[in-house]
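Colleague:
There are 2 protein chains.
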Amino acid sequence: MVDSRLTARQDHLLTALREADSELSGQDLHARLRHSERPMGLATVYRHLRQLQQRGLVRCRHLPSGEALFAPTERDDHHLTCVDCGTTRLLAHCPVHAVELTDQDTGGFQALFHTLEFFGLCPDCQRRQGRA
Amino acid sequence: MVDSRLTARQDHLLTALREADSELSGQDLHARLRHSERPMGLATVYRHLRQLQQRGLVRCRHLPSGEALFAPTERDDHHLTCVDCGTTRLLAHCPVHAVELTDQDTGGFQALFHTLEFFGLCPDCQRRQGRA
DNA sequence: ACCTGACTGAGAACCATTATCATCTCGGTC
DNA sequence: GACCGAGATGATAATGGTTCTCAGTCAGGT
Chain L
1 MVDSRLTARQ DHLLTALREA DSELSGQDLH ARLRHSERPM GLATVYRHLR
51 QLQQRGLVRC RHLPSGEALF APTERDDHHL TCVDCGTTRL LAHCPVHAVE
101 LTDQDTGGFQ ALFHTLEFFG LCPDCQRRQG RA
Chain Z
1001 MVDSRLTARQ DHLLTALREA DSELSGQDLH ARLRHSERPM GLATVYRHLR
1051 QLQQRGLVRC RHLPSGEALF APTERDDHHL TCVDCGTTRL LAHCPVHAVE
1101 LTDQDTGGFQ ALFHTLEFFG LCPDCQRRQG RA
């Protein structure tokens, strides 16, 4: 195992993410920290996000638009995303009570986190397509 | 509902995807069709991939590298991906027997497909980090 | 003070994806 | 058969999030 302590900057970033009411993109985080007592360059934000992810402290998911959204792993949220307009809706409760991998599945991998995402068409886009 | 028939080109694309032994990126598909009897421009590949996705015929997932991989939805595969090197490993069997959403969850969305992905550290990267 | 190694960030580079727009295709119509 | 219009197509440019580069900074040890 690598050194398990976080640097001050990493901790700062993780705290910002935990205090946010929702997932944030790398750009969001950069903008948020921009005016804090200790700004953080974009490159550093992404560097630390990856390191936090490798420690299993942060998870990320990708929107259809391509941007990545980050959240602390202890927050076990799942989403339903529209494949047309990209709207995402937070599910009220996790549809899988416990997701576990067998040793045979992991095959030596050290499992850190998972993402479960649903995709569909939102009411607006269904209507719009029905019209077209 | 929109017209449920596929155009010849869309069908061509979907067939290529179904015949592939694994997921393919947009670039992969373009390269594959490049030398077929009927090449398809990159723009058209992406256009049709999105349309197929909106019909629920194709699903896509994003690698940490940012590239999107496409697969037919009837293939119900899940993966374990290394957050460091990006290696992905196909799980032998689905760890969730049935994933269902309640009406309350969907809230008017027309659910099309889902993705369940696991992330961790592969044996090689664990070793490499231990050394570093 | 000096050295070393890790950390940082501005800006450039990268690259998958998307937008543009002129061209092509193919019905239906006269 | 010529014509027309709507949709489909693809070469190319543009976009934009993410990563890379590299010179500057900092901290700790000597």
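Chains L and Z supply the protein sequences, listed in that same order.
End of the first sequence = 132 in the numbering used here, gap-free, step of one.
End of the second sequence = 1132 in the numbering used here, gap-free, step of one.
Even glycine gets a Cβ: it sits at the ideal position worked out from N, Cα and C.
(1) Give the interface partners of L/ARG47 over in chain Z, defined as CB-CB distance under 7 Å, in chain order.
(2) Work out the CA separation of L/ARG34 and L/GLN135 for me, nearest whole Å.
(3) Could you name each continuous alpha helix (DSSP H) segment of 4 residues or more that falls completely within the segment 59-113 of chain L, going from the start of the chain to the end?
(4) Mind checking the segment 88-103 of chain L against chain Z and listing, in chain order, the residues whose C-beta falls within less than 9 Å of any C-beta there?
(5) From the beta carbon of L/GLU19, is the nearest beta carbon of chain Z less than 7 Å away?
(6) Only counting the same chain, and skipping five residues up and downstream in sequence, which positions put a Cβ closer than 8 Å to that of L/HIS30?
(7) Quick check: is the beta carbon of Z/GLN1110 nearer than 7 Å to any beta carbon in chain L?
(8) Mapping DSSP to helix, strand and coil, what is L/LEU57?
(9) Could you tell me the alpha carbon to alpha carbon distance between L/MET1 and L/GLY56, rounded to whole angstroms?
(10) Report yes if the C-beta distance between Z/CYS1122 and Z/CYS1060 is below 7 Å; otherwise report no.
(11) So, with DSSP's three-state summary, where would you put Z/LEU1121?
(12) What is the residue span of the alpha helix (DSSP H) that Z/GLU1019 lies within?
(13) Would you say L/VAL58 faces chain Z, with C-beta separation under 7 Å as the test?
(14) Short of 6 Å in beta carbon distance, which residues of its chain neighbour Z/ARG1018, apart from the five on each side in sequence? Order them along the chain.
(15) For L/THR88, I'd like the list of residues in its chain whose CB is within less than 6 Å of its CB, leaving aside the five on either flank, ordered along the chain.
(16) Mind pulling the chain Z residues with CB within less than 9 Å of L/ASP28?
(17) Across which residues does DSSP place L/SER25 in a beta bridge pair?
(18) Are the C-beta of L/THR7 and some C-beta of chain Z separated by less than 7 Å?
(19) Using the beta-carbon of each residue, which ones in chain L are nearer than 8 Å to Z/CYS1122?
(20) Is L/LEU101 closer than 7 Å to Z/PRO1095 when the C-beta atoms are compared?
(21) Please classify L/GLN104 as buried or exposed, where buried requires at least 16 neighbouring CB atoms within 10 angstroms.
(22) Please report the straight-line C-alpha distance between Z/ALA1016 and L/GLN126, rounded to a whole angstrom.
(23) For L/ASP76, which residues from the same chain have a beta carbon less than 7 Å from its beta carbon, with the 5 sequence-adjacent residues on both sides left out?
(24) How close, in whole Å, do the beta carbons of L/GLY86 and Z/ALA1111 come, if the pair is a contact with beta carbons under 8 Å?
(25) Buried or exposed, going by whether 16 or more other CB atoms sit within 10 Å of the CB of L/ALA68?
(26) Any idea if Z/CYS1074 is buried or exposed, counting beta-carbon neighbours within 10 angstroms, 16 or more meaning buried?
Modeller: On the basis of the coordinates in this document:
(1) In chain order: nothing, as chain Z lies at least about 13 Å away.
(2) No answer is possible for residue 135 of chain L: the residues shown for chain L start at 1 and end at 132.
(3) 103-106
(4) ARG89, LEU91, ALA92, HIS93, PRO95, VAL96, VAL99, GLU100, LEU101 and THR102
(5) no
(6) MET40, GLY41, LEU42 and VAL45
(7) yes
(8) coil
(9) Its pLDDT being 42, under 50, L/MET1 is placed unreliably by the model, and the measurement read from it follows with that caveat. For L/MET1 and L/GLY56, the distance between alpha carbons rounds to 13 Å.
(10) no
(11) strand
(12) 1008-1019
(13) no
(14) PRO1072
(15) HIS79 and THR81
(16) Ordered by position in chain Z, no residue passes the 9 Å Cβ test against L/ASP28, which lies about 17 Å from the chain.
(17) L/LEU69
(18) no
(19) GLY108 and PHE109
(20) yes
(21) exposed
(22) 28 Å
(23) CYS94
(24) L/GLY86 to Z/ALA1111, Cβ: 16 Å. No contact.
(25) buried
(26) Looking at the sequence itself, residue 1074 of chain Z is Glu, so the reference to Cys does not match. Label assigned to Z/GLU1074: exposed.
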